[in-house]
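Protein chains in written order, with my numbering: chain A, 35 to 197; chain B, 307 to 551. Just so you know, even glycine gets a beta-carbon here, dropped at the ideal spot from N, CA and C. Please read the structure below before turning to the comments.
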């Protein structure tokens with residue numbers, strides 16, 4: 035009898051194949067699937083982390099740019115406001131000065147007019163007084179008509195004198 | 307060589323019942339243990355045996371990567387190599403755990419057993435040459451089945467006719483190496499167990515037995531690894547999906 039036993043070989047090989055099939059189905063496949071799933075999961079996580087980081091960096095750059103822009107705008111606005119304020123101040127000052135000048139001129143005019151009026155009043159009184167004095171001196175030689183003529187003549191002369 | 311009960315003991319197609327029985331038991335053991343682990347898989351926080359299993363798969367994968375030329379080949383061979391590795395690991399250890407002998411009081415012709423002959427009932431299935439050669443032939447068939455996906459390149463490997471010798475020696479040594487190592491281990495265990503006791507009760511063979519058991523455990527582990535490694539190597543040789551060196 036040889037020690038080669040084809041029967042044993044075939045049957046034990048069948049036994050191994052059945053075992054292999056069962057083990058593969060029951061244990062290996064779920065485990066391999068799980069490991070593959072985990073590999074994918076980790077890959078996804080890494081990818082999404084990288085994506086998120088890029089996104090964050092992009093956002094940060096954007097924010098930075100925006101901030102810089104805003105800062106510039108604010109500076110511009112401040113500069114403009116300062117220029118405008120200076121301009122306004124200057125304008126107000128100018129207006130005030132003009133107003134003051136105008137007021138002074140007006141005052142001067144008023145004084146002038148008052149003075150003229152006062153002068154005129156004084157002249158009238160003076161001429162009347164002169165006429166009255168003359169009348170008193172001349173007394174009866176002058177009647178009502180001559181008196182009026184003399185007054186008007188005196189006024190005319192006085193006016194000539196004043197002007 | 308340990309004697310085993312046989313089916314059809316007088317015919318050329320006789321079947322070694324111990325080998326077949328333990329072949330199935332090992333398969334069932336591996337399936338149950340790994341199946342229980344696989345039932346409670348946790349993707350986020352693996353614990354306990356799951357880690358061991360994952361380590362085993364990663365170990366097999368890196369082993370396959372070293373010997374296979376293409377990643378597709380690795381994926382093809384991975385389940386075969388992994389299951390074979392685990393299976394052989396358990397199978398090789400099996401004969402070391404316990405030795406059961408049975409001596410029938412009378413002839414049992416149906417199982418080919420004779421009166422007052424000691425029959426070993428527990429041996430590693432890999433201790434049988436036929437079983438290991440069967441595995442080696444299976445590997446050989448799978449490797450050629452895989453190689454024939456590229457028939458022209460497959461044919462081209464025989465440009466050098468010496469390659470034909472490989473086709474005989476590879477599976478032969480592949481199977482015989484495993485069988486020889488395991489058989490030697492178990493035969494010697496049996497021999498040590500038969501050592502006479504000093505004064506009828508001092509087990510003189512015990513220290514020797516312990517040393518030999520430890521060594522056999524080592525050999526069993528290494529042989530399981532070597533068989534799986536050569537499996538990936540032989541299938542890798544027939545992977546023609548990339549141009550060969």
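Item to check | 8 angstroms Cβ cutoff met for residue 370/B and residue 358/B | outcome: no
Checklist entry - Quick one: which chain B residues come within Cβ less than 7 angstroms of residue 58/A? => result 385, 389
Item to check | Members of the segment 38–59 of chain A that neighbour chain B once the beta carbon cut-off is set at 8 angstroms | outcome: 38, 39, 40, 41, 42, 43, 44, 45, 46, 47, 49, 50, 51, 52, 53, 54, 56, 57, 58
Next on the checklist: Tell me the rounded alpha-carbon separation between residue 35/A and residue 372/B.
Outcome noted: Bear in mind that the predicted position of residue 35/A carries a pLDDT of just 45, short of 50, making it unreliable; the figure below should be weighed with that in mind. Rounded to the nearest angstrom, the two C-alpha atoms are 42 angstroms apart.
Item to check | Exposed unless 16 or more other CB atoms sit within 10 angstroms - verdict on residue 349/B | outcome: exposed
Next on the checklist: So, with DSSP's three-state summary, where would you put residue 426/B?
Outcome noted: strand
Item to check | Which residues DSSP lists as bridging residue 322/B, in chain order | outcome: 312/B
Checklist entry - Between the C-alpha atoms of residue 159/A and residue 142/A, what's the straight-line distance to the nearest angstrom? => result 26 angstroms
Checklist entry - With C-beta atoms as the reference, is residue 323/B less than 8 angstroms away from residue 311/B? => result yes
Next on the checklist: Taking the alpha carbon of residue 470/B as the reference point, which residue from 534/B, 408/B, 446/B has its own alpha carbon closest?
Outcome noted: 446/B
Checklist entry - Taking the C-alpha atoms as reference points, what is the distance between residue 534/B and residue 390/B? => result 6 angstroms
Checklist entry - Could you give the distance in angstroms between the alpha-carbon of residue 556/B and the alpha-carbon of residue 363/B? => result The requested residue 556/B is not part of the displayed model; chain B covers only 307 to 551.
Item to check | Reference residue 335/B; option with closest CA among 193/A, 92/A, 54/A | outcome: 54/A
Checklist entry - Out of 366/B, 341/B, 367/B, which has the shortest C-alpha to C-alpha gap to residue 356/B? => result 341/B
Next on the checklist: So, with DSSP's three-state summary, where would you put residue 35/A?
Outcome noted: Note that residue 35/A scores a pLDDT of 45, beneath 50, so its modelled location is shaky and nothing firm can be said.
Checklist entry - Is there contact between the segment 511–527 of chain B and the segment 486–501 of chain B, where contact requires at least three CB pairs shorter than 8 angstroms? => result yes
Item to check | Chain-ordered residues of the segment 66–77 of chain A with a beta carbon less than 8 angstroms from chain B | outcome: 66, 68, 69, 71, 72, 75
Checklist entry - Are the C-beta atoms of residue 61/A and some chain B residue less than 8 angstroms apart? => result yes
Checklist entry - Is it the case that the Cβ atoms of residue 437/B and residue 325/B are separated by a distance below 8 angstroms? => result yes
Checklist entry - On the three-state DSSP scale, how would you describe residue 505/B? => result coil
Item to check | Proximal residues of chain A, C-beta to C-beta of residue 343/B below 9 angstroms | outcome: 61, 65
Next on the checklist: Which runs of the beta strand (DSSP E) at least 3 residues long sit entirely within the segment 141–192 of chain A? Give them in chain order.
Outcome noted: none
Checklist entry - With a cut-off of 8 angstroms, do at least 3 Cβ pairs link the segment 441–460 of chain B to the segment 406–418 of chain B? => result no
Next on the checklist: Suppose contacts are defined by Cβ-Cβ distances below 8 angstroms. Is residue 388/B in contact with residue 62/A by that definition?
Outcome noted: yes
Next on the checklist: Counting only Cβ pairs nearer than 7 angstroms, list the residues of chain A close to residue 433/B.
Outcome noted: Ordered by position in chain A, no residue passes the 7 angstroms Cβ test against residue 433/B, which lies about 11 angstroms from the chain.
Next on the checklist: residue 432/B and residue 394/B - do their beta-carbons sit closer together than 8 angstroms?
Outcome noted: yes
Checklist entry - Cβ atoms of residue 321/B and residue 49/A: under 8 angstroms apart, would you say? => result no
Checklist entry - Cβ atoms of residue 43/A and residue 440/B: under 8 angstroms apart, would you say? => result yes
Next on the checklist: Please list the terminal residues of the continuous alpha helix (DSSP H) segment that includes residue 477/B.
Outcome noted: 468–499
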